[in-house]
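Take a look at the structure below.
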Amino acid sequence: MIKCPTCGIFNTNRDYCENCNTLISNDKKIELKIAAIKQEQIDEAIHHIENPGVAERLKKHPNALYRTVGWILYSVSAVVSIIGAGLAWAIAMVAAG
Ligand SMILES: [Zn+2]
Numbered sequence: 624m625i626k627c628p629t630c631g632i633f634n635t636n637r638d639y640c641e642n643c644n645t646l647i648s649n650d651k652k653i654e655l656k657i658a659a660i661k662q663e664q665i666d667e668a669i670h671h672i673e674n675p676g677v678a679e680r681l682k683k684h685p686n687a688l689y690r691t692v693g694w695i696l697y698s699v700s701a702v703v704s705i706i707g708a709g710l711a712w713a714i715a716m717v718a719a720g
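Residue numbers for the sequence shown follow our numbering, so the first one is 624 and each next one is one higher.
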């Protein structure tokens, strides 16, 4: 038996008030909250998949010119990260003597 906070009617074994349709079940409230959080996480994951880096997006562009630019950007960022790793390694070697 749950008393509806909106209209004060007592409901038995109901998730929603039979009089005004207000959500009265605490279990259901928690369930909905968990579902909302899960949905949020799913939306975020989808957002990440649908919005990758500029290079990733350009690589999938229908226009070949844009795809080329995407690959160039991708190569540049790959080269930069390799150079960065190389530099870090060189600095570490120098520091180690
Ligand atoms: Zn009610």
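Each residue gets a CB set at the ideal place from its N, CA and C atoms; glycine is no exception.
All of these numbers come straight from a predicted model, not from anything done at the bench.
- Taking the C-beta atoms as reference points, Cys630 is found nearer than 7 Å to Asn642.
- Excluding residues up to 5 positions away in sequence, Asn634, Cys640, Asn642, Cys643, Thr645 and Ile647 lie with their Cβ nearer than 7 Å to the Cβ of Cys627 in the same chain.
- The DSSP-derived three-state label of Ile625 is strand.
- Asp638 places its beta carbon less than 7 Å from that of Lys651.
- Assignment of alpha helix (DSSP H) within the stretch 650 to 713, counting only whole runs of 4 or more residues, yields 677 to 682 in chain order.
- Set against 6 Å, the gap from the CB of Asn686 to the closest heavy atom of ligand 1 is not smaller.
- Counting every other CB atom within 10 Å of its CB across the protein chains shown gives Gly709 a total below 16, marking it as exposed.
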